Amino acid sequence: MDMAKVYVTRKIPESGINLLREAGHEVKVSDKDGVLTKEELLAELSSESYDAVLCLLTDPINAEIMAAAPQAKIFANYAVGFNNINLADAKAAGVTITNTPGVLTDTVCEFTVALILSVTKRVVEADRFMRAGHYEGWAPELLLGNDLKGKTFGILGAGRIGCGVANAMKNGFGMRVIYYDITRSETLEKQIDCEFRETVEEVLQEADVVSVHVPLLDSTKHLINAERLAMMKPSASLINTSRGPVVDEVALVEALKNGIIRSAGIDVFENEPVMATGLAELDNVTITPHIASASEETRSKMSEIAAQNIIEFLAGRVPPNVVE
405 MDMAKVYVTR KIPESGINLL REAGHEVKVS DKDGVLTKEE LLAELSSESY
455 DAVLCLLTDP INAEIMAAAP QAKIFANYAV GFNNINLADA KAAGVTITNT
505 PGVLTDTVCE FTVALILSVT KRVVEADRFM RAGHYEGWAP ELLLGNDLKG
555 KTFGILGAGR IGCGVANAMK NGFGMRVIYY DITRSETLEK QIDCEFRETV
605 EEVLQEADVV SVHVPLLDST KHLINAERLA MMKPSASLIN TSRGPVVDEV
655 ALVEALKNGI IRSAGIDVFE NEPVMATGLA ELDNVTITPH IASASEETRS
705 KMSEIAAQNI IEFLAGRVPP NVVE
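When we follow our numbering, the leftmost residue of the sequence shown carries the number 405, and every step to the right adds one.
Given below as structure tokens:
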């Protein structure tokens with residue numbers, strides 16, 4: 405295809421947009437500073453004959469949306485995840501779906517470590533304390549945190565990110581690592597000295613810090629619920645940089661409020677952008693706005709990968725990152 409029309413549902417780093425234009429394609433980027441409503445997206449896709457759509461994780465893509473742009477046979481997701489897209493609808497419509505795998509790994513690993521340090525060393529809590537004018541001088545028991553060396557680090561989900569974080573905590577901080585996944589990870593076990601656990605419960609019961617790195621599936625929704633939170637040590641911390649609905653947020657608020665666990669670091673939420681009632685009022689949780697992958701380098705690379713998927717498809721080739 406010589407020149408195609410590509411619609412981008414939200415402003416993204418220019419590097420990917422430039423690739424599309426350099427390939428000879430016409431690109432229109434949404435001028436709304438925010439997520440398009442369903443009605444806005446339908447109206448835009450119906451207004452012109454688009455050949456491709458570059459969408460975001462915040463865009464629910466289903467048969468109705470695809471039907472509004474019948475000429476567009478590729479929807480390139482600007483994300484590693486793709487739970488915003490109905491793959492069955494895409495298959496029925498003959499639409500190719502792509503994502504941006506691999507690019508987030510190092511950035512999310514680094515951010516996860518930052519959350520771990522934030523909650524165990526009470527960094528954000530101390531920052532709030534200072535800004536509020538409460539500091540009256542050094543004191544031996546002021547804002548005591550916890551050491552990591554020699555403690556047990558538990559991973560739920562030994563994919564690329566889970567393995568990366570486990571490596572950092574083992575080699576960087578001297579933690580003992582245990583993990584659970586649906587199958588043993590030869591990759592992780594070759595990289596570091598670690599121990600496999602047969603169940604989620606075993607990890608929760610043993611670990612001083614638990615970090616969640618699982619995809620959002622029917623089987624993982626509310627993987628961490630009130631019953632499982634109660635299995636954790638009262639001194640333990642929970643970290644979630646995977647998907648919000650993996651953790652029962654209401655149960656987490658109660659666990660933090662009542663001392664069931666000591667602290668949490670949460671970057672994703674069950675009903676984004678809304679947080680569970682009471683979460684923001686708690687001092688023992690660090691909450692961040694879904695920014696684990698938010699580095700300049702990573703977001704630009706995501707833009708380029710999404711664009712390249714479209715370029716390859718429009719050139720009649722199989723894109724490198726097709727989601728089956």
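Cβ atoms here follow ideal geometry from the backbone N, Cα and C, with glycine treated the same way. What you are looking at is a predicted structure, and each value in this text was computed from that prediction instead of being measured.
Query                                                                                                            : Result
Selection from Gly-682, Thr-556, Asn-629, Ser-589 that minimises the alpha carbon distance to Ser-639            : Thr-556
DSSP three-state assignment for Ile-643, whether helix, strand or coil                                           : strand
Start-to-end residues for the beta strand (DSSP E) that takes in Glu-599                                         : 598-600
Own chain residues within Cβ distance below 8 Å of Ala-611, not counting five before or after                    : Thr-556, Phe-557, Gly-558, Ile-582, Met-636, Lys-637, Ala-640
Which of helix, strand or coil DSSP assigns to Leu-633                                                           : helix
Neighbour-count burial assignment, His-429, 16 or more Cβ in a 10 Å radius                                       : buried
Beta-carbon gap between Ser-667 and Val-689 smaller than 8 Å                                                     : yes
Where Ala-659 falls, given that 16 or more other Cβ within 10 Å makes a residue buried                           : buried
First and last residue of the uninterrupted beta strand (DSSP E) at Phe-479                                      : 478-482
Completely contained alpha helix (DSSP H) runs for the stretch 661-724, where each covers 4 or more residues     : 700-718
Buried or exposed (CB count within 10 angstroms, at least 16 for buried), Pro-677                                : exposed
Coarse secondary structure for Glu-430, derived from DSSP in three states                                        : strand
Closest by C-alpha distance to Ile-416, when choosing among Ala-408, Ser-707, Met-407                            : Ser-707
Classification of Gln-475 by the beta-carbon crowding that lies within 10 angstroms, buried from 16 upward       : exposed
Under 8 Å between C-beta atoms of Thr-524 and Asn-550                                                            : yes
Residue from Ser-589, Ile-664, Thr-587 whose Cα sits closest to the Cα of Gln-609                                : Ile-664
Top-ranked residue by Cα proximity to Thr-462, from Glu-452, Ala-473, Ile-489                                    : Ile-489
Span separating the alpha-carbon of Trp-542 from that of Val-604                                                 : 41 Å
Cβ pair count under 8 Å reaching 3, the stretch 671-687 against the stretch 708-728                              : no
Coil, strand or helix - Ile-416 by DSSP                                                                          : coil
Status (buried if at least 16 other CB within 10 Å, exposed otherwise) for Ile-586                               : exposed
For Tyr-539 and Leu-508, the rounded distance between their alpha carbons                                        : 38 Å
Own chain partners of Pro-723 with C-beta closer than 6 Å, once the 5 adjacent residues on each side are dropped : Thr-502, Asn-713, Glu-716, Phe-717
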